[in-house]
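Colleague: Residue numbers (my numbering): 1 to 82.
Beta carbons: idealized from backbone N, C-alpha and C, even for Gly.
Just dropping this structure here.
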């Protein structure tokens, strides 16, 4: 698995356990990864069925919110940690 996927999944787990913000902007801030890259990786991870996400349409655009990792995402993360 790509390194960035693993890093993002670990950060998502950390933030969701603390009930903190998990939108793309917050993940960018927390990881130091550019916002556009975060959006791309979240979409790729969603396509792999690793994330539960939803999109909020706002007046100035849309924002991805990550609700957590799926069972498949947790399994992929465990495999990456080995």
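#1: Which whole runs of the alpha helix (DSSP H) in the stretch 3-66 are 4 residues long or more, in chain order?
#2: So, does the stretch 26-38 touch the stretch 2-11, judging by three or more C-beta pairs under 8 Å?
#3: Considering residue 74, what are the terminal residues of the alpha helix (DSSP H) in which it resides?
#4: Taking all protein chains shown into account, decide if residue 64 is buried (16 or more other Cβ within 10 angstroms of its Cβ) or exposed.
#5: Does the Cβ of residue 38 have 16 or more other Cβ atoms within 10 Å, making it buried, or fewer, making it exposed?
Modeller: In short, the structure shows the following:
#1: 3-17, 24-31, 35-47
#2: yes
#3: Here residue 74 refers to the residue found at position 74 of the chain shown. Segment 71-81, the alpha helix (DSSP H) holding residue 74.
#4: Position 64 of the chain shown, counted from the start, is the residue given in the question as residue 64. The residue is buried, with at least 16 neighbouring Cβ atoms inside 10 Å.
#5: By one-based count along the chain shown, residue 38 stands at place 38. Its Cβ being crowded by 16 or more others within 10 Å, residue 38 is buried.
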